[in-house]
Every structure is written in C-alpha cells, then in structure tokens.
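Chemist: Going by numbering that gives the first Met the number 0, the sequence shown wraps up at 213, each residue one higher than the last. In this text, a Cβ means the ideal position worked out from N, Cα and C, and glycines have one as well. None of these values were measured; they are calculated from a predicted model. First, the structure itself, so that you have it in front of you.
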Amino acid sequence: MLNSVNALDAEGEAGAPNGRRRRLTADDRRRQLVGIGLMMLRTQPIHDLSIDAVAAEAGISRGLLFHYFPTKRDFYIAVVSAAGRRLLRVTKPDPSLPADEQLRQMLLSFVAFVTRRRDSYISFVRGAAGGDIYVVEIYAETRAALTTRVLNLLDLPPETDQPASRDRLTIHAWLAYVEDLTLEWSSLPPADRPSTAEQLVDQSVAALHALRTL
C-alpha cells in the first residue's frame, strides 16, 4: 500500500492517538484518493488511471469512490489540478530574496522537481499533448501562472501581463524551452549530464535575457 493509506483499515478508518479509530471525513477521503491518483500519475497518463485500482488502494469500493467524485472525469480533474498546484507550490521562491535570486531559486526548484518526479511530470505534459481538454486547460493555467510569476520577478509593468504582450509571449515560450531542456537533461544518467543543475539554470536565465533583447 502507498504511504498515504498505510494507516487505514479496510473500513476506511484511521488510527487516533487514544487508540480509538476515527472515520475519515469527506475532505480527508477526497485528499487521500487524489493523493493515490498523484502517486499513480508517476507512471501513466491521467486517462490511463484505473478507478478500480485507486479504489482498491484506498480500501474502498468503486461505488464509494463515486460518492466523493461523481464521475471519472471529476476525479481526473481533481488529480490533474492537484498536480498543477503542487508544481506551483514547490517552485514558489522565497519573497525575501532579491528578484534575480528568486528567479534562480524558482528554476532550481523546477529542475529538482522534474528530475525527482520525471515520469509524473511527463504524464502531466503527455496528457495535455494528447488533447484531453481538462488536462490542456489545467496545464495552460499552470503555465500561465508561472509566466505571471516571472513577469513579476522581472518587475515589468502590469500591462505586460496581457495575452498579446510581447514580453508575456516571450516568457511563455521561454518556459517551454526550460521545460524541454530540463526533461532532456534529466533523462540522462547523472554521470552523462553535460552540466550541473546550477549551470542549467544559468543557461536558462541567459536564454531569457537574450530572447528579451531580440
């Protein structure tokens, strides 16, 4: 069983400090099921997730899962949304740092995240590339949030955060470059990587500044 469900028995109850058992609340159960979905997303695209396998991992019936998520699509949306939020959360820089250091910290966190969870991230990207509309929308929202974050770190005026803004288009495209570069770099055995993570970030930052001068 996954770590998220180790403490649960077949009745869906969790251990309590006083030795009694407490039944999971509806919110706890939803979080548990989404967590299982995220774990399974490491090795398969979202549309290949088995509802039966998720329910079995949680120790509940398929029918009970649909009590918490009315349809399979609702469950898939919850899982992919959680994946997008997690990416934004783990790449959020320390606001007390200077802006240029925040950008580097964000990129280092992104490289570390993709390297550590490469299969899961590829599943997220593959779902968007496969045209699943809800995955496409969530992936686009996640990329848009990262784009806005970079715009803010560059201290650009508010009007640049518009769809037709040249700066926004450039940064949005640059993030695609960083993503692909990181995926290719992380696919190599550590000994064969031509640069360190820090050097990869240096290259990415230099590419951003070069693009903005074109």
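Assign R22 to one of three DSSP states: helix, strand, or coil.
Modeler: In the structure shown, R22 sits in a strand (DSSP, three-state: E or B).
Chemist: What would DSSP say about Q104, mapped onto helix, strand or coil?
Modeler: Residue state, collapsed to three classes: helix.
Chemist: Taking its Cβ as the centre, do 16 or more other Cβ atoms sit within 10 Å of G62, making it buried, or is it exposed?
Modeler: Exposed is the call here.
Chemist: First and last residue of the alpha helix (DSSP H) that includes Q198?
Modeler: Segment A196 to L210, the alpha helix (DSSP H) holding Q198.
Chemist: Have a look at P193 and R103 and give me their C-alpha separation to the nearest angstrom.
Modeler: Between P193 and R103, the C-alpha separation is close to 19 Å.
Chemist: What is the DSSP secondary structure of S60, reduced to helix, strand or coil?
Modeler: If DSSP states are grouped into helix, strand and coil, S60 belongs with coil.
Chemist: Taking only three categories from DSSP, how would you classify R41?
Modeler: The answer is coil: DSSP assigns R41 none of H, G, I, E or B.
Chemist: Decide if the stretch 148–167 is in contact with the stretch 99–113; the criterion is three or more beta carbon pairs, one per stretch, under 8 Å apart.
Modeler: These segments touch.
Chemist: Would you mind sorting L64 into buried or exposed? The rule is 16 or more other CB atoms within 10 Å of its CB.
Modeler: When all chains shown are included, L64 counts as buried.
Chemist: Once DSSP output is grouped into helix, strand and coil, what is the label at R116?
Modeler: Here R116 sits in coil by DSSP.
Chemist: Buried or exposed for A205, please, with buried defined as at least 16 other CB atoms from any protein chain shown within 10 angstroms of its CB.
Modeler: Classification of A205: exposed, given that the 10 Å Cβ count is below 16.
Chemist: For a cutoff of 7 Å on Cβ pairs, would you count G62 as touching chain C?
Modeler: In the structure shown, chain C cannot be found, because there is only a single protein chain.
Chemist: Helix, strand or coil for T146 per DSSP?
Modeler: Correct three-state label for T146: helix.
Chemist: Given a threshold of 16 other Cβ atoms within 10 Å of its Cβ, counted over all protein chains shown, does A25 qualify as buried or as exposed?
Modeler: Exposed is the call here.
Chemist: For L182 and A55, what's the separation of their Cα atoms in angstroms?
Modeler: Between L182 and A55, the C-alpha separation is close to 32 Å.
Chemist: Taking D47 as part of the alpha helix (DSSP H), name the residues at either end of that continuous run.
Modeler: Premise fails: D47 is in no alpha helix (DSSP H) and is neither H nor E.
Chemist: R84 to R148, Cα distance in whole Å?
Modeler: Those two C-alpha atoms are separated by around 14 Å.
Chemist: Between L210 and the rest of its own chain, which residues show a CB-CB distance below 7 Å, the 5 nearest in sequence each way excluded?
Modeler: Contacts found: T169 and W173.
Chemist: Can you give me the C-alpha to C-alpha distance between A196 and P44, rounded to a whole angstrom?
Modeler: C-alpha separation (whole angstroms): 26 Å.
Chemist: Within 10 angstroms of the Cβ of H66, are there 16 or more other Cβ atoms? Answer buried if so, exposed if not.
Modeler: Exposed, by the Cβ-count rule.
Chemist: Would you tell me roughly how many angstroms separate the C-alpha atoms of D214 and L145, rounded to the nearest one?
Modeler: One cannot answer for residue 214 here, as it falls past the ends of the chain, which runs 0 to 213.
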